[in-house]
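Student: I'd like to ask you about the structure that follows.
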Amino acid sequence: MSPMFRRPGKKPPEERVVTLVRKPGCHLCDDAQAVVEKVCAELGATWEQRDITQDEELHRRYWEQIPVVLVDGAQHDFWRVDPDRLRRALTT
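When we follow my numbering, the leftmost residue of the sequence shown carries the number 1, and every step to the right adds one.
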């Protein structure tokens, strides 16, 4: 989307951060990571991963939902990540 047509207050994808909350040995987490990596690479967004077994607060909040995807710190998705939905969240 052209910067001229972007809604005021929305950051371009290059300024967005996607966080994948996951745990080791989780096949759904591996699937989610593949989607996050692909979409972020396409759009130039930054992504990071957090290990739920190493963070008490994340464990308390998201244990029953992992993998969890956050966009700019707000929960976006859990269990399965839809690439089109993530793309829309980062561009609109």
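Even for Gly, the Cβ is constructed at its ideal location relative to N, Cα and C. Remember, it's a predicted structure, so these values are computed and weren't measured experimentally.
(1) Indicate whether residue 16 and residue 72 have their beta-carbon atoms separated by less than 8 Å.
(2) Would you mind giving the Cβ-Cβ distance between residue 45 and residue 18, rounded to the nearest angstrom? I have them listed as a contact below 8 Å.
(3) Can you tell me the Cα-Cα spacing of residue 94 and residue 50, whole angstroms?
(4) Would you tell me roughly how many angstroms separate the C-alpha atoms of residue 20 and residue 61, rounded to the nearest one?
(5) Cα separation between residue 42 and residue 34?
(6) Given that a residue counts as buried once 16 or more other Cβ atoms are within 10 Å of its Cβ, and exposed if not, what is residue 24?
(7) Check whether the Cβ atoms of residue 40 and residue 66 lie closer than 8 Å to each other.
(8) May I ask you to list the residues that DSSP assigns as paired with residue 74?
Tutor: Concretely, from the data shown:
(1) To locate residue 16, count along the sequence shown from 1; it is residue 16. To locate residue 72, count along the sequence shown from 1; it is residue 72. With contacts defined by Cβ atoms closer than 8 Å, residue 16 and residue 72 form a contacting pair.
(2) For the purposes of this step, residue 45 is taken as residue 45 along the sequence shown, with counting starting at 1. For the purposes of this step, residue 18 is taken as residue 18 along the sequence shown, with counting starting at 1. Right, the Cβ-Cβ distance comes to about 6 Å (below 8 Å), so this counts as a contact.
(3) Any question about residue 94 goes unanswered here, given that the chain covers just 1 to 92.
(4) Taking the sequence shown and counting its residues from 1, one reaches residue 20 at position 20. Taking the sequence shown and counting its residues from 1, one reaches residue 61 at position 61. The straight-line gap from Cα to Cα measures roughly 14 Å.
(5) The residue labelled residue 42 in the question sits at position 42 within the sequence shown. The residue labelled residue 34 in the question sits at position 34 within the sequence shown. Residue 42 and residue 34 have their C-alpha atoms some 12 Å from each other.
(6) Numbered from its first residue, the sequence shown carries residue 24 at position 24. Counting Cβ neighbours within 10 Å, residue 24 comes out exposed, since fewer than 16 surround it.
(7) Taking the first residue of the sequence shown as position 1, residue 40 is located at position 40. Taking the first residue of the sequence shown as position 1, residue 66 is located at position 66. Against a cut-off of 8 Å, the Cβ pair of residue 66 and residue 40 comes out as no contact.
(8) Here residue 74 refers to the residue found at position 74 when the sequence shown is read from its first residue. Residue 74 is bridged to 71.
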